[in-house]
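The next block holds one structure in the form of structure tokens; read it before the comments.
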Amino acid sequence: MNDGRPVLFYDSGLGGLTVLREARYLLPYERLLYVADDAAFPIGRWPESKLLERLVQLFQTLIADHDPKAVVIACNTAFTLAGEILRKAHPQVPFVGTVPAIKPAAERTASGLISVLATPGTVRRAYTRSLIESFAAQCHVRLVGSEKLAELAEQYLRGEDVRDEALAGEIRDCFLERDGRRTDIIVLACTHYPFLANRFRKIAPWPVDWLDPAEAIARQLVRVLEPDMADTLSGQADRAIFTSNPDSASLQRLLAGFGLSLSVR
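Residue numbers (our numbering): 331 to 595.
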């Protein structure tokens, strides 16, 4: 059975495609709708009050227009700021959020030195520090806020040249040596960053575990949908909507690689 209602994925740009890709493997019959608020990108630089206002208004429109069966906020910055407010505003819709994977990092580390590579907004958030206090108090956790990395990931995805030197400058502060120990896990706390993980591995000063939460988010989505999971195809195409309303052949080709067609108003 498939009632045709989509699962809605939200991000500020292309990063949430890392989560959508994992969800597609686990949920082959669901109709997917990807929403990129690229008109506001990068949202990590927005004042919190202005960003919260924008997110509340945007989701009022999205939920009214598309009646999603579930929403995945595939963006650490957006969910750590607005997740609970959106859940209270739309109790009829299950929300699956994205938070820095600090708990699994603390469980896996051997050295006790963890870095969280994030946007400045996620680094500032009290939610992030609460996760550290709750799950990684026994570890040394370094928060590294990158001003440029999400934009570099977007450029890389679009086929533009991104130099190793630019990436190295953004991840350098993640690597710490202390008392003969080294950072051994780096949490990728922005869904854009996994697209650059192979580049990070090549330029890192030593090997670390780059922790990508996309698969865990997709598994949580499966658990949320389990009572209402589609078991037949809807016959409707999976779509992507961008708030800047671009009409770009290169973007259409990129999205086609994720099984999405670009909707242009």
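All C-beta atoms in this analysis are idealised placements derived from N, C-alpha and C, irrespective of residue type, glycine included. Only a predicted model underlies this, so the values are computations on that prediction, with no experimental measurement involved.
- Approximately 5 Å separates the beta-carbon atoms of L344 and L487; this is inside 8 Å, confirming the contact.
- Looking from the CA of L584, the closest CA among G489, W376 and N575 belongs to G489.
- Under the three-state reduction of DSSP output, R569 falls in the strand class.
- In the three-state reduction of the DSSP assignment, H396 falls in the helix class.
- In the DSSP assignment, the residues bridged to L338 are L363 and V401.
- Secondary structure within the region 438-462: the beta strand (DSSP E) runs of 3 or more consecutive residues, fully enclosed, are 443-448 (chain order).
- A residue is called buried when at least 16 other Cβ atoms come within 10 angstroms of its Cβ; L473 meets this threshold and is buried.
- Three or more Cβ pairs drawn from the region 382-392 and the region 414-422 lie within less than 8 Å of each other, which places the two stretches in contact.
- Per DSSP, the unbroken beta strand (DSSP E) holding I515 starts and ends at I515 to A519.
- Excluding its 5 nearest sequence neighbours in each direction, K433 has C-beta neighbours in its own chain below 6 Å: F465, listed in chain order.
- For V474, the uninterrupted beta strand (DSSP E) run begins and ends at H470 to G475, by DSSP.
- The Cβ-Cβ distance between G499 and H470 does not fall below 8 Å.
- In terms of CA proximity to D367, T573 leads the group F588, Q582 and T573.
- When C-alpha distances from Q390 are compared across L411, V423, T410 and A369, the shortest belongs to V423.
- In this structure, the beta-carbon distance from T452 to C520 falls below 8 Å.
- Where L482 is concerned, the enclosing alpha helix (DSSP H) starts and stops at L479 to L487.
- DSSP places S580 in the uninterrupted alpha helix (DSSP H) bounded by A579 to A586.
- Taken atom to atom, the span from the alpha-carbon of A483 to that of H522 is near 6 Å.
- Three or more Cβ pairs closer than 8 Å define a contact, and the region 345-365 meets that threshold against the region 543-552.
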